[in-house]
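Encoded as structure tokens, the structure appears first; notes follow it.
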Amino acid sequence: MSKRSKPPIALYSALADTTRCRILEILKVAPTPVHVLTEAFSISRPAISRHLRVLKSAGLVAEVKKGRENVYAFRPAKLTAAKGWLDLIATPAEAETPKVEPEAVEVIIAKPAEAAKAKATPAQTRKAKAKPIFKDEKQVEASAAPAPSISQMGFDF
């Protein structure tokens, strides 16, 4: 399985319902007609048929017509793709993520006028300085937010 494989979303969506999971548990034992499945649940036969249609579209169930009734069988081979994708996600990454020191982080500063002129020009960089989390009362009063101004449209947000 490749690293860029897509998750089998249709399969996971089909397994996201408890009724459909219970249907699969019943079908795992033996292929079963719809009317027998209906007896195992307290929902209507059309509702069971809708659940079976979802399972069939996900490839988890095969439908075989025998006379006037449809017999459904579980297809466990379709679960291998989902299991493989989950195994891929569950394994740790091959390369460790490098640790970044806070002092080494560079912040890119672009002035709006310069950014509008040319995108190809490299932006200015500087080292980011850590700011203190807590301020004393004098700093809090000094750094109070300025009074809001009215925008050009006359609205005050």
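So that you can map any letter, position 69 of the sequence shown is 135 in the numbering used here, and since no number is skipped, the others follow by simple counting.
Where a beta carbon is used, it is the ideal one built from N, C-alpha and C, also for glycine.
Minimum C-alpha distance to residue i - residue among the options
i    : options                   : result
D83  : P112, R111 and L118       : L118
E91  : S108, A148, R141 and W151 : R141
H101 : G150, I109 and G125       : I109
A80  : S123, T104, A96 and K94   : S123
K132 : P97, R88 and A76          : P97
Where residue i falls, given that 16 or more other Cβ within 10 Å makes a residue buried
i    : result
I155 : exposed
P74  : buried
Y78  : exposed
R86  : buried
V130 : exposed
L93  : buried
L152 : exposed
V95  : exposed
DSSP bridge partner residues for residue i (one or two, in chain order)
i    : result
T157 : DSSP, once it has assigned bridges, lists no residue as partnering T157.
T98  : Y138
Nearest-angstrom beta carbon gap, residue j and residue i [assumed within contact, 8 Å]
i    : j    : result
S149 : G125 : One point to set straight first is that residue 149 is Lys, not Ser, in the sequence displayed. About 14 Å separates the two Cβ atoms, so there is no contact after all.
E135 : P99  : 5 Å
Which residue spans inside the stretch 126-150 form an unbroken beta strand (DSSP E) run of at least 3? Counting whole runs of 3 or more residues, the stretch 126-150 contains the beta strand (DSSP E) stretches 127-132 and 135-140.
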